Amino acid sequence: MNEENYIFILTISLFIGFLYFLINSYLAISTPKFSSKSSHSLKDVTAVIPVYNEDPKLFEQVIKTISYIKFIVVGDGCVEPYNSITKKYDGTFIAISKRSGKRNALSEGLKLVKTPFVLFLDSDTILPKQSLSHMLSVMDDKTGGVSPRVLMLNNGKFAYYYSEFFERMSEILQRALSKYGKAAVLYGHCALYRTNVIKDLVLSRDFKEPKILGRKFIIGDDRQLTNYILNKGYKAFIDYDVIAFTEPPNDIKKFTNQVIRWTKSNYLYFINDIAKGTIVKKGPLYIFNSVYTNVLPFFFLILSLVSLGGTRIFDINSILEYPEILFGMIFKIIHYMLIIPTILGINHLLYTNSHIVHAHINISHLSITKINSHHLDYLDKSIRIASSLSSLPFVIALFRMIERDKTKVLVLGSIALAVQLFAAFYSIFTLWMPDSWRTR
20 MNEENYIFIL
30 TISLFIGFLY
40 FLINSYLAIS
50 TPKFSSKSSH
60 SLKDVTAVIP
70 VYNEDPKLFE
80 QVIKTISYIK
90 FIVVGDGCVE
100 PYNSITKKYD
110 GTFIAISKRS
120 GKRNALSEGL
130 KLVKTPFVLF
140 LDSDTILPKQ
150 SLSHMLSVMD
160 DKTGGVSPRV
170 LMLNNGKFAY
180 YYSEFFERMS
190 EILQRALSKY
200 GKAAVLYGHC
210 ALYRTNVIKD
220 LVLSRDFKEP
230 KILGRKFIIG
240 DDRQLTNYIL
250 NKGYKAFIDY
260 DVIAFTEPPN
270 DIKKFTNQVI
280 RWTKSNYLYF
290 INDIAKGTIV
300 KKGPLYIFNS
310 VYTNVLPFFF
320 LILSLVSLGG
330 TRIFDINSIL
340 EYPEILFGMI
350 FKIIHYMLII
360 PTILGINHLL
370 YTNSHIVHAH
380 INISHLSITK
390 INSHHLDYLD
400 KSIRIASSLS
410 SLPFVIALFR
420 MIERDKTKVL
430 VLGSIALAVQ
440 LFAAFYSIFT
450 LWMPDSWRTR
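Numbering-wise (my numbering), the sequence shown opens with residue 20 and increments by one.
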């Protein structure tokens, strides 16, 4: 690739990355508190809790915490001790003889729900009473679903730190999107839905045997439910005024499998949204974030790989001529921006002498095309440094999101970045291979 074009594209990527980090970070830390909009009663809610091979002590703690409302436990290929614990707290237990997965368990449980709202709750997630009350209070007529903020239970293991780091990193984007009622996903750990909005989907074959572009996949139920709500025109958001606590994965292997599941689900639903055109229903910020996280990283990785082999030793003396190079890149960007209206045939609406402007830009551009290769190397390195600095607002927002063990979570939890990078490439290269899914 021509070095000058490479620098030009790199400059554009820096600008887009800066916008991505700045916009999401600002919206995340400026998210207003949600005010109560309805007066629903807790009697209007039924919890559905699938269970499989859960720690009995943690499971009983979950049930005890939620026993103030109607609840249904679905034993997915298991009965005891979960049946006895459920009966102890006056709940309803459904036994599925053969393990068939969380989706089928949710579907079987929903068949017995008669209330206006249903709470899908994992068997390792604790939701305090005041949290559910507040979630219910913000469910206005335009809202199809809401989740609480989810924090990791500190189990004293290393896994807690990188799981908490990953959740808080995701929280920044979720907060920004939730501000507009367009959450990327309502958490599978815990989510409150309008029963009449999701019932047809959850009881359908499309939910039990999901397909993307006609092909069967084992994908996240939470992402499908959120997509369904948004596509029907309802709001979906995270209520960050309340908290639920969930058990983190036990080790790095389970954490990696979890991130791979989430990443594949993200890619597949992004592709599905693009193919069906439903992404336009989710607003400009959702579209911008989806494109940035799913497309641009791979584009610029390829760009970087193409540039390998052309690296030269940087000459510090070329600093003096750096402004000339920078202005050259700016002229080129402006030049391309001015060309676009001409291509679209609308330049007469914007200015009448566009050809004169183009000529001036071309002259300015040509006057600095003979740039020493060392200068380009310097600009390349400068842009890369600036790119790293552009994520500073994101780091500041992340620091604010972490409430417990800040230093340990930031230092020890940064392993989540490596896991996320691995998951991104593993997922994209095995996207159409159903047997490659790392299930629970």
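Built from N, CA and C at the ideal position, the CB exists for glycine as well. Note that the structure is predicted; figures quoted are calculated from it, not measured.
Reduced DSSP secondary structure (H/G/I, E/B, other) of residue i
i	result
Ser166	strand
Pro69	strand
Asp159	coil
Met154	helix
Phe136	strand
Gly13	Residue 13 is absent from the structure shown; the chain starts at 20 and stops at 459.
Tyr259	strand
Thr265	strand
Asp219	helix
Thr449	coil
Asp270	coil
Gly94	strand
Leu232	coil
Ala47	helix
Lys427	helix
Val414	helix
Gly329	The pLDDT assigned to Gly329 is 49, lower than 50, so where the model puts this residue is not dependable; a value taken from the coordinates is nonetheless given after this. Correct three-state label for Gly329: coil.
Phe346	In this prediction, Phe346 scores a pLDDT of 47, lower than 50, which makes its location untrustworthy; no coordinate-derived value is stated.
Ala210	strand
Val64	strand
Ile85	helix
Ile145	strand
Lys201	strand
Lys254	strand
Ile115	strand
Buried versus exposed call for residue i [16 or more other C-beta atoms within 10 Å across all chains shown]
i	result
Asp109	exposed
Arg122	buried
Tyr101	buried
Gly252	exposed
Ser284	buried
Asn72	exposed
Phe418	exposed
Asn215	exposed
Asp225	exposed
Lys235	exposed
Leu436	exposed
Val93	buried
Glu127	buried
Ala294	exposed
Val81	buried
Thr426	exposed
Val70	buried
Asp154	Sequence inspection shows Met at residue 154; the Asp mentioned does not correspond to that position. Classification of Met154: buried, given that the 10 Å Cβ count is 16 or more.
Phe185	buried
Phe444	exposed
Tyr370	At Tyr370 the pLDDT is 42, less than 50, meaning the model places this residue with poor confidence and gives no usable figure here.
Met171	buried
Pro229	buried
Phe40	buried
Lys446	In the sequence as presented, Lys is not what sits at residue 446; that position holds Ser. Buried, by the Cβ-count rule.
Trp451	exposed
Pro412	buried
Arg168	buried
Lys254	buried
Pro268	buried
Integer Cβ distance of residue i from residue j, believed to fall under 8 angstroms
i	j	result
Ala66	Ile88	6 angstroms
Tyr181	Phe274	6 angstroms
Gly175	Ile248	Gly175 to Ile248, Cβ: 37 angstroms. No contact.
Ala442	Val314	The pair is not a contact, with the Cβ atoms about 16 angstroms apart (cut-off 8 angstroms).
Val291	Leu192	Checking the sequence shown, residue 291 turns out to be Asn, not Val. With a Cβ gap of about 19 angstroms, Asn291 and Leu192 do not count as contacting.
Ser44	Ala416	4 angstroms
Asp63	Thr134	5 angstroms
Ser119	Asp143	Not confirmed; about 19 angstroms, so no contact.
Leu61	Ser152	7 angstroms
Lys227	Leu129	Wrong, their Cβ atoms sit about 12 angstroms apart, outside the cutoff.
Any 3 or more C-beta pairs closer than 8 angstroms across the segment 198-211 and the segment 136-153 | Contact between the segment 198-211 and the segment 136-153 is established, with three or more Cβ pairs separated by less than 8 angstroms.
Report yes or no: do three or more beta-carbon pairs, one from the segment 186-197 and one from the segment 102-121, lie closer than 8 angstroms?
-> Taking 8 angstroms as the limit for Cβ pairs, the verdict is that the segment 102-121 does not touch the segment 186-197.
How do the segment 263-274 and the segment 140-159 stand: do at least 3 beta-carbon pairs fall below 8 angstroms, yes or no?
-> Between the segment 263-274 and the segment 140-159 there are three or more C-beta pairs closer than 8 angstroms, enough to call the two in contact.
Can you find at least 3 beta carbon pairs, one from the segment 85-103 and one from the segment 28-37, that sit closer than 8 angstroms?
-> Three or more Cβ pairs closer than 8 angstroms define a contact, and the segment 85-103 falls short of that threshold against the segment 28-37.
Can you find at least 3 beta carbon pairs, one from the segment 235-247 and one from the segment 278-295, that sit closer than 8 angstroms?
-> Contact holds: three or more Cβ-Cβ distances are below 8 angstroms.
Mind listing, in chain order, the continuous alpha helix (DSSP H) runs of no fewer than 4 residues lying wholly within the segment 271-319?
-> Qualifying alpha helix (DSSP H) stretches, in chain order: 271-295 and 303-313.
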